[in-house]
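Participant: Just so you know, we're using the working numbering here: the sequence shown kicks off at 233 and counts up by one.
Just so you know, even glycine gets a beta-carbon here, dropped at the ideal spot from N, CA and C.
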Amino acid sequence: MSAPGAVPAGALGRRLLTGRGPPTRPSSFSGRLCDVAEPGFEWKVCARCRGFKHLSEFPSSRRNRDGLYPYCRSCHAEYQRDLRAANPDPSRASAKRWREKNPQKVRALARGTAQRRRTRLRAVLREGYSLEEIWERDGRRCKSCGRFLSLSQATIDHVIPISAGGNDVRENVQCMHGLCNTNKGGARIMRENVWTAGAADSREGNDAEPDEL
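(1) Alpha carbon to alpha carbon, how far is Leu287 from Ser362?
(2) When you compare only the Cα positions, how much space is there between Gly430 and Arg343?
(3) What is the rounded straight-line gap between the Cα of Arg402 and the Cα of Gly410?
(4) Would you report the Cα separation of Asp298 and Ala309, rounded to the nearest angstrom?
(5) Can you say whether Trp330 is buried or exposed, counting buried as having 16 or more other CB atoms within 10 angstroms of its CB?
(6) Hey, Phe284 and Leu300 are a contact pair by Cβ (cut 8 angstroms); roughly how many whole angstroms apart?
(7) Look at Asp400 and Arg358 and say whether their C-beta atoms are less than 8 angstroms apart.
(8) Label Gly398 either buried or exposed according to how many other C-beta atoms from any shown protein chain fall within 10 Å of its C-beta, with 16 as the threshold for buried.
(9) Nearest-angstrom Cα distance between Gln406 and Trp367?
(10) Is the separation between the beta-carbon of Leu353 and that of Ile394 shorter than 8 angstroms?
(11) Considering only DSSP beta bridges, list what Lys285 is partnered with.
The structure is reproduced here in C-alpha coordinates:
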(Lines of atoms letter the chains of each structure in order from A and count residues from 1; the text may use other names and numbers.)
(Lines give C-alpha, C1' and ligand atoms only; values in the text may rest on other atoms or scores of the structure.)
Protein backbone atom coordinates (compact mmCIF):
# COMPACT_ATOMS: atom_id res chain seq x y z
CA MET A 1 0.00 0.00 0.00
CA SER A 2 1.35 3.41 -0.98
CA ALA A 3 2.32 5.87 1.70
CA PRO A 4 0.05 8.91 2.17
CA GLY A 5 0.80 11.50 -0.51
CA ALA A 6 3.00 9.15 -2.56
CA VAL A 7 2.50 8.61 -6.28
CA PRO A 8 2.12 4.94 -7.33
CA ALA A 9 4.99 3.60 -9.41
CA GLY A 10 2.60 2.04 -11.95
CA ALA A 11 0.81 3.58 -14.93
CA LEU A 12 -0.65 6.33 -12.79
CA GLY A 13 2.76 7.12 -11.37
CA ARG A 14 4.11 7.68 -14.86
CA ARG A 15 1.67 10.53 -15.35
CA LEU A 16 1.81 13.98 -13.87
CA LEU A 17 -0.61 15.09 -11.20
CA THR A 18 -2.29 18.35 -12.10
CA GLY A 19 -3.96 21.09 -10.18
CA ARG A 20 -4.15 24.82 -9.80
CA GLY A 21 -0.46 25.19 -9.00
CA PRO A 22 2.72 23.47 -10.31
CA PRO A 23 3.04 19.79 -9.40
CA THR A 24 5.70 18.62 -6.98
CA ARG A 25 7.66 15.38 -6.94
CA PRO A 26 6.75 13.45 -3.75
CA SER A 27 9.78 12.55 -1.62
CA SER A 28 8.72 8.88 -1.45
CA PHE A 29 8.25 8.51 -5.22
CA SER A 30 10.90 6.35 -6.91
CA GLY A 31 9.25 5.74 -10.28
CA ARG A 32 9.83 7.61 -13.55
CA LEU A 33 7.39 10.30 -14.56
CA CYS A 34 6.14 10.15 -18.12
CA ASP A 35 7.35 12.71 -20.66
CA VAL A 36 4.07 12.52 -22.59
CA ALA A 37 1.10 14.64 -21.57
CA GLU A 38 -2.05 12.57 -21.22
CA PRO A 39 -5.58 13.94 -21.88
CA GLY A 40 -6.78 15.96 -18.90
CA PHE A 41 -3.27 16.61 -17.62
CA GLU A 42 -1.90 20.14 -17.80
CA TRP A 43 1.71 19.48 -16.82
CA LYS A 44 4.55 17.34 -18.09
CA VAL A 45 8.26 16.84 -17.51
CA CYS A 46 10.82 18.22 -19.96
CA ALA A 47 12.90 15.27 -21.17
CA ARG A 48 16.04 17.45 -21.22
CA CYS A 49 16.04 19.59 -18.07
CA ARG A 50 13.59 17.31 -16.18
CA GLY A 51 11.61 20.31 -15.00
CA PHE A 52 7.86 20.25 -14.23
CA LYS A 53 6.33 22.68 -16.72
CA HIS A 54 2.91 23.68 -18.01
CA LEU A 55 1.91 22.39 -21.45
CA SER A 56 2.01 25.95 -22.81
CA GLU A 57 5.80 25.91 -22.31
CA PHE A 58 6.25 23.11 -24.88
CA PRO A 59 6.33 23.74 -28.66
CA SER A 60 3.75 21.88 -30.74
CA SER A 61 4.69 18.83 -32.80
CA ARG A 62 2.61 16.75 -35.21
CA ARG A 63 4.84 13.72 -34.78
CA ASN A 64 4.26 13.14 -31.07
CA ARG A 65 1.22 11.50 -29.53
CA ASP A 66 0.38 14.43 -27.29
CA GLY A 67 1.05 17.01 -30.02
CA LEU A 68 4.01 18.49 -28.13
CA TYR A 69 7.78 18.18 -28.30
CA PRO A 70 9.39 16.33 -25.37
CA TYR A 71 11.62 19.37 -24.68
CA CYS A 72 10.38 22.67 -23.27
CA ARG A 73 10.82 25.78 -25.42
CA SER A 74 14.15 26.85 -23.94
CA CYS A 75 15.60 23.33 -24.07
CA HIS A 76 14.26 22.82 -27.60
CA ALA A 77 15.96 26.04 -28.76
CA GLU A 78 19.22 24.92 -27.12
CA TYR A 79 18.92 21.49 -28.75
CA GLN A 80 18.38 23.07 -32.17
CA ARG A 81 21.42 25.31 -31.73
CA ASP A 82 23.58 22.32 -30.79
CA LEU A 83 22.24 20.38 -33.76
CA ARG A 84 23.02 23.19 -36.19
CA ALA A 85 26.51 23.62 -34.74
CA ALA A 86 27.24 19.90 -35.07
CA ASN A 87 25.78 19.65 -38.60
CA PRO A 88 26.13 23.11 -40.20
CA ASP A 89 25.87 22.07 -43.86
CA PRO A 90 22.65 20.00 -43.60
CA SER A 91 21.12 22.71 -41.41
CA ARG A 92 21.91 25.44 -43.95
CA ALA A 93 20.59 23.31 -46.80
CA SER A 94 17.37 22.57 -44.91
CA ALA A 95 16.89 26.26 -44.06
CA LYS A 96 17.50 27.23 -47.69
CA ARG A 97 14.91 24.70 -48.92
CA TRP A 98 12.37 26.04 -46.43
CA ARG A 99 12.98 29.64 -47.50
CA GLU A 100 12.61 28.75 -51.18
CA LYS A 101 9.41 26.83 -50.46
CA ASN A 102 7.87 29.51 -48.20
CA PRO A 103 8.76 32.97 -49.59
CA GLN A 104 5.64 34.58 -48.14
CA LYS A 105 6.40 33.30 -44.65
CA VAL A 106 9.99 34.54 -45.00
CA ARG A 107 8.76 38.03 -45.87
CA ALA A 108 6.22 37.98 -43.03
CA LEU A 109 8.89 36.93 -40.52
CA ALA A 110 11.22 39.68 -41.76
CA ARG A 111 8.48 42.29 -41.42
CA GLY A 112 7.64 41.10 -37.91
CA THR A 113 11.30 41.18 -36.86
CA ALA A 114 11.79 44.68 -38.26
CA GLN A 115 8.62 45.93 -36.54
CA ARG A 116 9.66 44.49 -33.17
CA ARG A 117 13.08 46.08 -33.49
CA ARG A 118 11.60 49.50 -34.34
CA THR A 119 9.31 49.23 -31.33
CA ARG A 120 12.21 48.37 -29.03
CA LEU A 121 14.37 51.19 -30.41
CA ARG A 122 11.62 53.73 -29.71
CA ALA A 123 11.63 52.69 -26.05
CA VAL A 124 15.38 53.14 -25.38
CA LEU A 125 17.81 56.04 -25.17
CA ARG A 126 19.21 56.87 -28.63
CA GLU A 127 22.08 58.96 -29.97
CA GLY A 128 22.79 60.19 -33.47
CA TYR A 129 25.82 58.37 -34.89
CA SER A 130 26.87 56.94 -38.24
CA LEU A 131 28.23 53.55 -39.22
CA GLU A 132 31.37 55.18 -40.60
CA GLU A 133 31.98 56.99 -37.31
CA ILE A 134 31.83 53.75 -35.29
CA TRP A 135 33.89 51.94 -37.93
CA GLU A 136 36.68 54.52 -37.66
CA ARG A 137 36.48 54.56 -33.87
CA ASP A 138 36.92 50.77 -33.69
CA GLY A 139 40.03 50.88 -35.86
CA ARG A 140 38.30 49.36 -38.89
CA ARG A 141 38.32 45.97 -37.18
CA CYS A 142 35.59 43.49 -36.31
CA LYS A 143 35.10 43.47 -32.56
CA SER A 144 34.33 39.74 -32.62
CA CYS A 145 37.03 38.12 -34.77
CA GLY A 146 39.53 41.01 -34.73
CA ARG A 147 40.02 41.05 -38.51
CA PHE A 148 40.08 44.12 -40.67
CA LEU A 149 36.78 44.88 -42.37
CA SER A 150 35.76 47.31 -45.07
CA LEU A 151 32.99 49.85 -44.58
CA SER A 152 30.76 47.83 -46.91
CA GLN A 153 31.24 44.74 -44.69
CA ALA A 154 30.66 46.57 -41.40
CA THR A 155 27.45 46.25 -39.40
CA ILE A 156 26.42 47.82 -36.11
CA ASP A 157 26.20 45.49 -33.11
CA HIS A 158 24.86 46.38 -29.66
CA VAL A 159 27.11 45.12 -26.85
CA ILE A 160 24.08 44.87 -24.57
CA PRO A 161 21.28 43.90 -27.00
CA ILE A 162 18.30 46.18 -27.38
CA SER A 163 16.13 43.18 -26.47
CA ALA A 164 18.00 42.94 -23.15
CA GLY A 165 17.52 46.61 -22.28
CA GLY A 166 20.62 48.07 -23.95
CA ASN A 167 20.58 51.63 -25.30
CA ASP A 168 21.31 52.74 -28.85
CA VAL A 169 24.25 54.95 -27.88
CA ARG A 170 27.92 55.13 -28.92
CA GLU A 171 29.15 53.44 -25.74
CA ASN A 172 26.94 50.42 -26.44
CA VAL A 173 27.68 49.86 -30.13
CA GLN A 174 30.56 48.31 -32.03
CA CYS A 175 31.41 47.22 -35.57
CA MET A 176 31.29 43.60 -36.71
CA HIS A 177 31.24 41.55 -39.87
CA GLY A 178 27.67 40.64 -40.79
CA LEU A 179 28.33 36.94 -40.17
CA CYS A 180 30.02 37.58 -36.82
CA ASN A 181 27.08 39.75 -35.81
CA THR A 182 24.61 37.02 -36.79
CA ASN A 183 26.56 34.31 -34.98
CA LYS A 184 26.70 36.41 -31.83
CA GLY A 185 22.94 36.73 -31.70
CA GLY A 186 21.84 38.16 -28.36
CA ALA A 187 24.97 37.09 -26.49
CA ARG A 188 26.88 39.84 -24.67
CA ILE A 189 30.48 40.43 -25.75
CA MET A 190 32.49 42.31 -23.15
CA ARG A 191 34.83 44.95 -24.53
CA GLU A 192 37.62 43.78 -22.20
CA ASN A 193 37.74 40.42 -24.03
CA VAL A 194 37.67 41.54 -27.67
CA TRP A 195 40.71 41.43 -29.90
CA THR A 196 42.94 44.48 -29.86
CA ALA A 197 44.66 45.79 -32.96
CA GLY A 198 48.03 44.42 -31.83
CA ALA A 199 46.63 40.98 -31.03
CA ALA A 200 44.82 40.79 -34.34
CA ASP A 201 48.01 41.67 -36.24
CA SER A 202 49.67 38.53 -34.88
CA ARG A 203 46.97 36.25 -36.26
CA GLU A 204 48.11 33.99 -39.06
CA GLY A 205 47.15 35.15 -42.51
CA ASN A 206 46.03 38.56 -41.32
CA ASP A 207 49.29 40.48 -41.03
CA ALA A 208 48.48 43.34 -43.40
CA GLU A 209 45.68 45.77 -43.79
CA PRO A 210 43.95 45.72 -47.20
CA ASP A 211 44.97 48.56 -49.49
CA GLU A 212 41.41 49.61 -50.07
CA LEU A 213 38.84 49.73 -47.30
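Facilitator: Let me spell this out:
(1) Looking up residue 287 in the sequence shown gives position 55. Looking up residue 362 in the sequence shown gives position 130. For Leu287 and Ser362, the distance between alpha carbons rounds to 46 angstroms.
(2) For the purposes of this step, residue 430 is identified with residue 198 of the sequence shown, where counting begins at 1. For the purposes of this step, residue 343 is identified with residue 111 of the sequence shown, where counting begins at 1. Because Gly430 carries a pLDDT of 37, less than 50, the predicted location of this residue cannot be relied on, and the following value inherits that uncertainty. Roughly 41 angstroms separates the two Cα atoms.
(3) Within the sequence shown, residue 402 is the residue found at index 170, counting from 1. Within the sequence shown, residue 410 is the residue found at index 178, counting from 1. Each residue's Cα considered, the two are about 19 angstroms apart.
(4) Along the sequence shown, read from residue 1 onward, the residue named residue 298 stands at position 66. Along the sequence shown, read from residue 1 onward, the residue named residue 309 stands at position 77. Rounded to whole angstroms, Asp298 to Ala309 spans 19 angstroms at the Cα level.
(5) Reading the sequence shown from its first residue, position 98 is the one you call residue 330. Using a 10 angstroms sphere on the CB of Trp330, the tally of other CB atoms stays under 16, which defines it as exposed.
(6) Taking the first residue of the sequence shown as 1, we reach residue 284 at position 52. Taking the first residue of the sequence shown as 1, we reach residue 300 at position 68. Approximately 14 angstroms separates the beta-carbon atoms of Phe284 and Leu300; this is outside 8 angstroms, ruling out the contact.
(7) Numbered from its first residue, the sequence shown carries residue 400 at position 168. Numbered from its first residue, the sequence shown carries residue 358 at position 126. Contact check for Asp400 against Arg358 passes: the beta carbons are separated by less than 8 angstroms.
(8) The residue given as residue 398 occupies position 166 in the sequence shown. When all chains shown are included, Gly398 counts as buried.
(9) Against the sequence shown, residue 406 aligns to sequence position 174. Against the sequence shown, residue 367 aligns to sequence position 135. For Gln406 and Trp367, the distance between alpha carbons rounds to 8 angstroms.
(10) Position 121 of the sequence shown, counting from 1, holds the residue named residue 353. Position 162 of the sequence shown, counting from 1, holds the residue named residue 394. Contact flag set, yes.
(11) Position 53 of the sequence shown, counted from the first residue, corresponds to residue 285. According to DSSP, Lys285 bridges with Lys276.
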